[in-house]
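See below for the structure under consideration.
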Amino acid sequence: MKIRYFNCTVITMNENNDIFVGEVHTQNDKIVYVGEPCEGGVFDKQYDLGGAVIMPGFKDCHCHSPMTLFRNYADDLPLDTWLFEKIFPLEDQLTGDDVYWGTLLAVLEYLSSGITAVGDMYFLDDHLAKAMADSGMRCVFVKGMSDLGKNADDVLQNCEEAYHRINGKYPLVRYDLGVHAEYTVSRDLLKGAGNLAKKLGENVGIHLSESKKEVDECIEKYGRRPAFEVASHGTFDNGGLAYHCVYLDEDEMDLLRDKGVSIVTNPASNLKLGNGVAPLCKMVQKGLNVCIGTDGPASNNSLDMFREMYLASTLQKGMTGDPSAMTAETVLKMATVNGAKAMRLPDCDCLAVGKQADMVVISLDRPNMQPLANLQKSIVYSADKSNVKMTIIAGNVLYQNGYFNIGIDDQEIYKKCNEIVARFVK
750 MKIRYFNCTV
760 ITMNENNDIF
770 VGEVHTQNDK
780 IVYVGEPCEG
790 GVFDKQYDLG
800 GAVIMPGFKD
810 CHCHSPMTLF
820 RNYADDLPLD
830 TWLFEKIFPL
840 EDQLTGDDVY
850 WGTLLAVLEY
860 LSSGITAVGD
870 MYFLDDHLAK
880 AMADSGMRCV
890 FVKGMSDLGK
900 NADDVLQNCE
910 EAYHRINGKY
920 PLVRYDLGVH
930 AEYTVSRDLL
940 KGAGNLAKKL
950 GENVGIHLSE
960 SKKEVDECIE
970 KYGRRPAFEV
980 ASHGTFDNGG
990 LAYHCVYLDE
1000 DEMDLLRDKG
1010 VSIVTNPASN
1020 LKLGNGVAPL
1030 CKMVQKGLNV
1040 CIGTDGPASN
1050 NSLDMFREMY
1060 LASTLQKGMT
1070 GDPSAMTAET
1080 VLKMATVNGA
1090 KAMRLPDCDC
1100 LAVGKQADMV
1110 VISLDRPNMQ
1120 PLANLQKSIV
1130 YSADKSNVKM
1140 TIIAGNVLYQ
1150 NGYFNIGIDD
1160 QEIYKKCNEI
1170 VARFVK
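In structure tokens, the structure reads:
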């Protein structure tokens, strides 16, 4: 199907940061034209965007989709209490069906926030992958391996089997490797994950230095900071992603940069759990690839990339005392281009011929977007989810003007999720 999107401002996010009034044409899942307004041509469908912005969709590089089921359940707690006393016991009760419906609920929220690709870490892999595939969402699933109460070899074997079982099954879902965190895995699993990554030609994602307590306990137990402890077992030998990184020191930043590890910041979750603010300015100065994630809806409690972008910028200004720090342009790149790089989605980074048709249309005809002084600043500092007009993934319009087009009724999703929650949340 060939589709024309016209009467819009195109923010390409390409290397030249080209922004112009023009149009975008797609054919099936690819972009086939990005340029000035043009007349003529034969199209199966045309969308007059009414002066809106069209740009690459946002990349949520770290989330836990099924945790929509735990939204607003265990709030106002420190990370270790929240995780070990509240969340882990609930997760032990989840079924594959629960994960499927909780993931679909998250997909609705992603789409309404202009998110076109997610980096999801969870378990019950097949059910999450199916939910993503059924809804048309692009997903890089990162297996959150942990061997608490389990055998490391068994965990690694199960991961490798799922890797081969799921990869290639769905066109928009990829299965990658990950370990939950330094403090929830054995050293055998850290080493095994690195070896498996090298064997499969993949890299490893991990929660890293999220809290001061985590860092202090790692130093006390192993005599070194978490990034060095994880790296010492070969976990990062093939690169990877490190989530949170609130308490990285400069030596750890250098290590992760040299290992080819991308940093995924999750500002709202880090604030809500009382963990602090990641030193993003220093990371960027050191040449790290920094991108953005929402983290899970049980610790955020929203899957809103506009809020994350705003916080990623303004928190750095507040922490450094420098209002010029972490510009809107830098943050918008983190949410798009850098995210695509971190998730190894090179065809989803910008609007250009041959790239995937993963796009968001942002309406400008709302009070919060007027006057139109600077579009990139408006998107980061002023926009919110109400400005999302359309979300397009692989050429398919999955969200338009408040309505979802994923082939599954949103009211049915809400009903199922409330039934699930009633079973175990009192």
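Residue numbers for the sequence shown follow this note's numbering, so the first one is 750 and each next one is one higher. Using N, Cα and C, we set each Cβ at its ideal position, and we do this for glycine too. This one's a predicted model, so the numbers in the text were calculated from it and none came from an experiment.
Beta-carbon contacts of residue i that lie in its chain and below 7 Å, excluding the five residues immediately before and after
i: T1069; result: C1030
i: P1085; result: Checking the sequence shown, residue 1085 turns out to be Thr, not Pro. Closer than 7 Å at the Cβ level, and outside the excluded window around T1085, lie M762, P805, F807, K808 and D1098.
i: V1174; result: Y822
i: A882; result: Y919, L921 and V922
i: R974; result: V964, C967, I968, D998 and E1001
i: E978; result: E931, C967 and Y971
i: L1113; result: G800, A801, V802 and L1121
i: D767; result: T761
i: A980; result: L1004 and K1008
i: K1165; result: W850
Buried/exposed call for residue i, threshold 16 Cβ in 10 Å
i: V891; result: buried
i: G800; result: exposed
i: N1087; result: buried
i: E720; result: Residue 720 is absent from the model: the chain starts at 750 and stops at 1175.
i: E764; result: exposed
i: A1132; result: buried
i: T1043; result: buried
i: K1082; result: buried
i: P693; result: Residue numbering for the chain in the displayed model covers 750 to 1175; residue 693 lies beyond these limits and cannot be assessed.
i: K1104; result: buried
i: R820; result: buried
i: P786; result: exposed
i: S1135; result: exposed
i: S1073; result: exposed
i: T775; result: buried
i: D847; result: buried
i: M1054; result: buried
i: K1138; result: buried
i: M750; result: exposed
i: F872; result: buried
i: E1168; result: exposed
i: Y924; result: buried
i: Y1152; result: exposed
i: E840; result: buried
Any non-hydrogen atom of the ligand NAP closer than 6 Å to residue i Cβ
i: M804; result: For the ligand NAP, the structure offers nothing, since it holds no ligand at all.
Own chain partners of residue i with C-beta closer than 6 Å, once the 5 adjacent residues on each side are dropped
i: S960; result: L828 and N1024
i: A1027; result: C994, V995 and T1014
i: G1036; result: R1006
i: Y796; result: Y754
i: L826; result: none
i: S1018; result: D1044, S1048 and N1049
i: M1108; result: I803, G806 and I1141
i: S727; result: In this structure the chain extends from 750 to 1175, so residue 727 is not present and cannot be described.
i: A911; result: D874
i: R914; result: none
Integer Cβ distance of residue i from residue j, believed to fall under 8 Å
i: L818; j: V1170; result: 6 Å
i: P815; j: T758; result: No, P815 and T758 are not in contact; Cβ-Cβ is about 36 Å, not under 8 Å.
i: I752; j: D793; result: 6 Å
i: L695; j: L945; result: Coverage of the chain is limited to positions 750 through 1175, which leaves residue 695 absent and any answer about it impossible.
i: I968; j: A930; result: Actually they are not in contact, since the Cβ atoms of I968 and A930 sit about 15 Å apart, beyond 8 Å.
i: C812; j: L1100; result: 24 Å between Cβ atoms; not a contact.
i: I1155; j: W850; result: Not confirmed; about 13 Å, so no contact.
i: N1038; j: S1011; result: 4 Å
i: D1159; j: L877; result: Actually they do not touch by this definition, with Cβ atoms about 19 Å apart.
i: M870; j: G898; result: At roughly 19 Å, the Cβ-Cβ gap does not stay under 8 Å, so M870 and G898 are not in contact.
i: V889; j: M1092; result: 5 Å
i: A1106; j: D778; result: 6 Å
i: L1147; j: L860; result: 5 Å
i: V1110; j: L798; result: 6 Å
i: L949; j: P1016; result: Between P1016 and L949 the Cβ distance is about 32 Å, and since that is not below 8 Å, they are no contact.
i: L1020; j: W831; result: Rounded, the Cβ-Cβ distance is 14 Å, inconsistent with contact.
Contacting residues, own chain, Cβ-Cβ under 8 Å from residue i (five flanking each side not counted)
i: N900; result: none
CB contact check: residue i to chain D, cutoff 7 Å
i: A991; result: No chain D appears in the structure shown, which is made up of a single protein chain.
Considering only residues of the region 876–930, which uninterrupted beta strand (DSSP E) runs meet the minimum length of 3 residues and lie entirely inside it, listed in chain order? Entirely contained in the region 876–930, the beta strand (DSSP E) runs reaching 3 residues are, in chain order, 887–892 and 922–930.
Any contact of the region 1129–1148 with the region 864–881, i.e. 3+ C-beta pairs under 8 Å? Put simply, the region 1129–1148 touches the region 864–881. At least three CB pairs are less than 8 Å apart.
Can you list the alpha helix (DSSP H) stretches of 4 or more residues lying completely in the region 759–785, in chain order? As far as the region 759–785 is concerned, it has no whole alpha helix (DSSP H) run of at least 4 residues.
Does the region 999–1012 come into contact with the region 973–988, if we say contact requires no fewer than three beta-carbon pairs (one atom in each stretch) closer than 8 Å? Touching, yes, given that three or more Cβ pairs across the two stretches are closer than 8 Å.
Hey, which unbroken runs of the alpha helix (DSSP H) at 4 residues or more fall wholly within the region 1034–1091? The qualifying runs are 1054–1069, 1077–1082 and 1088–1091.
Could I get the ranges of all uninterrupted beta strand (DSSP E) runs contained in the region 820–878, with 3 residues as the minimum, in chain order? 864–871
Do the region 1113–1126 and the region 1072–1085 meet, that is, are 3 or more Cβ pairs less than 8 Å apart? yes
If contact is defined by three or more beta carbon pairs under 8 Å, each pair taking one atom from either stretch, is the region 934–944 in contact with the region 796–810? no
3-residue-minimum beta strand (DSSP E) runs that sit fully inside the region 941–1000, ordered along the chain: 953–957 and 989–993
Could you name each continuous alpha helix (DSSP H) segment of 4 residues or more that falls completely within the region 1144–1171, going from the start of the chain to the end? none
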